[in-house]
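Data block below; observations after.
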Amino acid sequence: VQQLEEENCELKTTVLRLKSQTEKLDEERQRMSDRLEDTSLRLKDEMDLYKRMMDKLRQNRLEFNKEREATQELIEDLRKELEHLQLYKLECERPGRGRSSSSLSEFNAKAREVEMEHEIKRLKQENQKLHDQNDDLNGQILSLSLYEAKNLFATQTKAQSLAAEIDSASRDELMEALKEQEEINYRLRQYMDKIILAILDHNPSILEIKN
37 VQQLEEENCE LKTTVLRLKS QTEKLDEERQ RMSDRLEDTS LRLKDEMDLY KRMMDKLRQN
97 RLEFNKEREA TQELIEDLRK ELEHLQLYKL ECERPGRGRS SSSLSEFNAK AREVEMEHEI
157 KRLKQENQKL HDQNDDLNGQ ILSLSLYEAK NLFATQTKAQ SLAAEIDSAS RDELMEALKE
217 QEEINYRLRQ YMDKIILAIL DHNPSILEIK N
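Take our numbering: the final residue in the sequence shown is number 247, and no numbers are missing along the way.
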């Protein structure tokens with residue numbers, strides 16, 4: 037009887053120890069689950085920000101192109117007007133026209149011609165600047181490799197899958213998922229920082245928030 041009591045006492049001690057270990061494992065699992073959920077939410081926020089930035093970049097490229105087209109049309113209009121003025125100037129210089137009237141018309145035409153030449157030159161420079169600025173920005177973005185960003189989005193699947201099946205995941209699987217999720221967050225943040233720096237170098241107005 038005494039031996040049975042001793043065995044029973046040892047069994048109770050073992051049960052209590054195992055129960056304590058189980059509770060600790062459950063607590064650790066819950067902490068890891070919370071961390072994994074937190075990193076998943078942060079990754080979602082980062083991806084949402086990335087998508088908004090890409091949408092803004094695409095919109096900015098469209099605006100660049102529209103502005104360039106409008107500037108080019110204005111240059112063409114001014115060039116036609118300049119050609120008209122040059123013809124008018126030649127007409128004024130023809131023999132038989134009144135001297136004072138011809139001189140005044142020629143002076144006005146010449147002044148307008150010089151003004152338009154300056155305006156055309158300025159618009160061409162502005163148009164070229166827009167072209168170079170857009171090309172530089174596109175080059176910077178492409179050099180950062182959009183393929184890398186797509187890979188980051190693709191590699192989150194495993195971690196999110198484990199997060200959805202947290203109750204059946206082992207401790208090692210949770211640790212691996214958490215590590216992978218944090219690595220994805222870190223790489224995505226680095227990638228987005230590079231994009232933001234490239235934008236700030238070439239056209240900070242892209243990042244302005246408009247009401």
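Even glycine gets a Cβ: it sits at the ideal position worked out from N, Cα and C. Only a predicted model underlies this, so the values are computations on that prediction, with no experimental measurement involved.
Buried or exposed, going by whether 16 or more other CB atoms sit within 10 Å of the CB of N44?
Within the sequence shown, numbered from 1, the residue matching residue 44 stands at position 8. Exposed, since its Cβ has fewer than 16 Cβ neighbours within 10 Å.
Is the CB-CB distance between L123 and E149 below 8 Å?
As a position in the sequence shown, residue 123 is number 87, starting the count at 1. As a position in the sequence shown, residue 149 is number 113, starting the count at 1. Cβ atoms of L123 and E149: not closer than 8 Å.
Measure the alpha-carbon distance for K116 versus K92 and round it to whole angstroms.
Along the sequence shown, read from residue 1 onward, the residue named residue 116 stands at position 80. Along the sequence shown, read from residue 1 onward, the residue named residue 92 stands at position 56. In a straight line, the C-alpha of K116 is about 36 Å away from that of K92.
Go ahead and label T75 buried or exposed: buried means 16 or more other beta carbons lie within 10 angstroms of its beta carbon, across all protein chains shown.
If you number the sequence shown from 1, residue 75 lands on position 39. By the 10 Å Cβ count, T75 comes out buried.
Cβ distance (whole Å) where E82 is taken to contact R225 below 8 Å
Locating residue 82 in the sequence shown gives position 46, counting from the first residue. Locating residue 225 in the sequence shown gives position 189, counting from the first residue. Approximately 6 Å separates the beta-carbon atoms of E82 and R225; this is inside 8 Å, confirming the contact.
Compute the minimum distance between the beta carbon of H120 and the heavy atoms of the ligand ADP, and state whether it is under 7 Å.
In the structure shown, the ligand ADP is absent, as is every other ligand, since no ligand is present at all.
Drop a sphere of 10 angstroms on the beta-carbon of N221, count the other beta-carbons inside from all chains shown, and report buried for 16 or more, exposed for fewer.
For the purposes of this step, residue 221 is taken as the residue at position 185 of the sequence shown. Classification of N221: buried, given that the 10 Å Cβ count is 16 or more.
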